[in-house]
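One structure is given below, encoded as structure tokens.
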Amino acid sequence: MKILLTGAAGQLGRELIPLLGARGQLVVTDRITPNTAGENWVEMDISSGESTEGLLRHFDPDLIVNAAAYTAVDAAEAEPETAFEINAKLPDRMARWAKQHDARLLHYSTDYVFDGKSAEPYRETDAPDPQSVYGQSKLAGELAIKASGCSHAVLRTSWVYSSHGKNFVLSMLDLARKNPALKIVDDQRGCPTWAGNLALASCKVIAKWQQRDFANLKGVFHYCDDRSLSWYEFARLIFGFAVKSGLIESGPDLTAVPSEEFPQAAQRPNWSVLDTHRIGAGFGIKPASFNQSLQVVIDELVKKDRS
Ligand SMILES: NC(=O)c1ccc[n+]([C@@H]2O[C@H](COP(=O)([O-])OP(=O)(O)OC[C@H]3O[C@@H](n4cnc5c(N)ncnc54)[C@H](OP(=O)(O)O)[C@@H]3O)[C@@H](O)[C@H]2O)c1
Numbered sequence: 002m003k004i005l006l007t008g009a010a011g012q013l014g015r016e017l018i019p020l021l022g023a024r025g026q027l028v029v030t031d032r033i034t035p036n037t038a039g040e041n042w043v044e045m046d047i048s049s050g051e052s053t054e055g056l057l058r059h060f061d062p063d064l065i066v067n068a069a070a071y072t073a074v075d076a077a078e079a080e081p082e083t084a085f086e087i088n089a090k091l092p093d094r095m096a097r098w099a100k101q102h103d104a105r106l107l108h109y110s111t112d113y114v115f116d117g118k119s120a121e122p123y124r125e126t127d128a129p130d131p132q133s134v135y136g137q138s139k140l141a142g143e144l145a146i147k148a149s150g151c152s153h154a155v156l157r158t159s160w161v162y163s164s165h166g167k168n169f170v171l172s173m174l175d176l177a178r179k180n181p182a183l184k185i186v187d188d189q190r191g192c193p194t195w196a197g198n199l200a201l202a203s204c205k206v207i208a209k210w211q212q213r214d215f216a217n218l219k220g221v222f223h224y225c226d227d228r229s230l231s232w233y234e235f236a237r238l239i240f241g242f243a244v245k246s247g248l249i250e251s252g253p254d255l256t257a258v259p260s261e262e263f264p265q266a267a268q269r270p271n272w273s274v275l276d277t278h279r280i281g282a283g284f285g286i287k288p289a290s291f292n293q294s295l296q297v298v299i300d301e302l303v304k305k306d307r308s
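Heads up: the sequence shown at position 76 corresponds to 77 in the numbering used here, and the numbers run straight through without jumps.
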């Protein structure tokens with residue numbers, strides 16, 4: 002199987018590289034080339050139709066795993082065209098190519114397609130109503146993939162973190178090194194998800210697709226780790242784990258505050274909890290342990306610190 006992975010330098014992309022490499026002939030691409038890149042790395046900006054179609058024509062993959070995305074939620078409010086180019090037009094091009102060439106597409110989307118007004122975990126059948134440009138652009142990508150008719154899975158996930166890239170865990174640890182006290186939003190709730198678990202879930206989807214009984218299973222699926230938390234609760238756990246593991250000496254004093262105390266360009270849903278039963282019933286994928294995953298990431302950071 003020939004696999005093309007985009008967004009390979011991102012949080013999810015980096016976790017996917019070793020797993021996908023074991024499943025077939027892999028070509029990876031992003032707009033930068035990290036020091037660790039292998040010979041199968043193609044440095045390319047894929048925001049234009051020409052670049053994407055050139056890459057697809059040249060490599061002719063059986064499977065496209067699209068981890069490339071515009072993920073700057075606040076910046077998207079000021080540059081909607083760029084957000085839509087990467088989050089909507091790019092997956093549209095990929096999906097139409099996949100349909101024409103009998104390839105599959107594995108794509109990712111977000112809890113931010115919902116308005117956050119629910120009190121129950123969101124199911125795939127719940128109506129989306131994104132409140133931000135980022136959420137709107139991701140929803141447009143989902144709809145374009147569906148409309149193409151290609152074989153696909155869109156994994157919606159939430160609050161992704163890892164030991165690299167830009168995410169809440171790294172921001173909190175950075176802030177804690179500079180501030181004795183922090184105010185953290187306590188009225189937005191979601192399920193923090195380790196990029197490594199999303200990569201593992203992706204590989205399980207691919208493995209099932211290779212079995213005849215699951216080959217036609219497609220559509221939108223929710224995947225997130227097993228605990229719902231507010232940002233404040235998440236921060237408390239990050240500092241608790243980090244102190245216990247010796248990553249920081251002590252955590253800052255934390256105060257829980259409402260979102261109004263941190264005005265941001267993009268409106269975020271207050272409730273982002275995703276129901277994961279469909280991916281469990283379809284592909285046998287269960288949410289991984291939040292506690293174990295946060296510990297894995299803290300351990301990776303301790304190792305980085307000591308090297
Ligand atoms: N991060 C989250 O909290 C979160 C939550 C829910 C859903 N998701 C979804 O999960 C998926 C993976 O997210 P992630 O956190 O791994 O994202 P990420 O770390 O931002 O990675 C995305 C990668 O795509 C690259 N990219 C963007 N525009 C490109 C272009 N024009 N040409 C080539 N590469 C380009 C980015 O490069 P640059 O860094 O140079 O832009 C980055 O390396 C995305 O679909 C995202 O929408 C993420």
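Note that CB positions come from ideal geometry on N, CA and C, so glycine has one too. These figures come from a predicted structure and were not determined experimentally.
Per DSSP, cross-strand counterpart(s) of residue i
| i | result |
| --- | --- |
| T158 | T111 |
| H153 | L106 |
| D254 | A182 |
| D31 | E44 |
| W272 | R190 |
| F222 | L156 |
| K3 | Q26 |
| L21 | None, per the DSSP bridge assignment. |
| L230 | G191 |
| Y123 | L275 |
| T64 | Correcting the residue identity first, residue 64 is Leu in this sequence and not Thr. For L64, which the question treats as bridged, DSSP gives the partners I4 and R105. |
Beta-carbon separation (whole angstroms), residue i vs residue j, contact threshold 8 Å
| i | j | result |
| --- | --- | --- |
| A99 | L106 | 5 Å |
| H317 | I286 | Beyond the ends of the chain as shown, which are 2 and 308, falls residue 317; an answer cannot be given. |
| F291 | D226 | 4 Å |
| A84 | A77 | 4 Å |
| L295 | F242 | 6 Å |
| A236 | E16 | Not confirmed; about 23 Å, so no contact. |
| A208 | C151 | Not really, about 19 Å apart at Cβ, beyond 8 Å. |
| P62 | A104 | 6 Å |
Residue i to residue j span [Cα, whole Å]
| i | j | result |
| --- | --- | --- |
| L302 | G8 | 22 Å |
| G11 | L156 | 16 Å |
| F60 | I18 | 17 Å |
| P131 | F169 | 21 Å |
| S149 | E86 | 17 Å |
| H311 | E125 | The first residue shown for the chain is 2 and the last is 308, placing residue 311 beyond what the model contains. |
| W210 | S203 | 11 Å |
| T140 | V114 | Checking the sequence shown, residue 140 turns out to be Leu, not Thr. Distance between the alpha carbons of L140 and V114: 6 Å. |
| T34 | M2 | 24 Å |
| L171 | L199 | 18 Å |
| F263 | Q189 | 12 Å |
| P259 | W272 | 13 Å |
| R24 | S110 | 23 Å |
| A73 | R32 | 16 Å |
| S119 | H102 | 40 Å |
| P253 | E40 | 43 Å |
| L201 | V66 | 13 Å |
| N36 | H165 | 14 Å |
| T256 | E234 | 11 Å |
| S251 | L174 | 11 Å |
CB of residue i within 8 Å of CB of residue j, strictly
| i | j | result |
| --- | --- | --- |
| I185 | W232 | yes |
| G142 | A89 | yes |
| F284 | K167 | no |
| T53 | V43 | no |
| I4 | L20 | no |
| S159 | D116 | no |
| A154 | G220 | yes |
| L6 | L27 | yes |
| V161 | L13 | yes |
| L238 | D306 | no |
| P312 | V274 | Residue 312 is absent from the model: the chain starts at 2 and stops at 308. |
| G191 | S163 | no |
| R94 | G55 | no |
Neighbour flag for residue i against chain C, beta carbons, 8 Å
| i | result |
| --- | --- |
| R58 | Considering every chain present, this structure includes no chain C. It has just one protein chain. |
Taking 8 Å as the cut-off, does the region 174-184 touch the region 202-219 (at least 3 CB pairs, one atom from each stretch)? Under the 8 Å Cβ criterion, the region 202-219 does not count as touching the region 174-184, having fewer than three qualifying pairs.
How do the region 122-138 and the region 262-271 stand: do at least 3 beta-carbon pairs fall below 8 Å, yes or no? The region 122-138 is in contact with the region 262-271.
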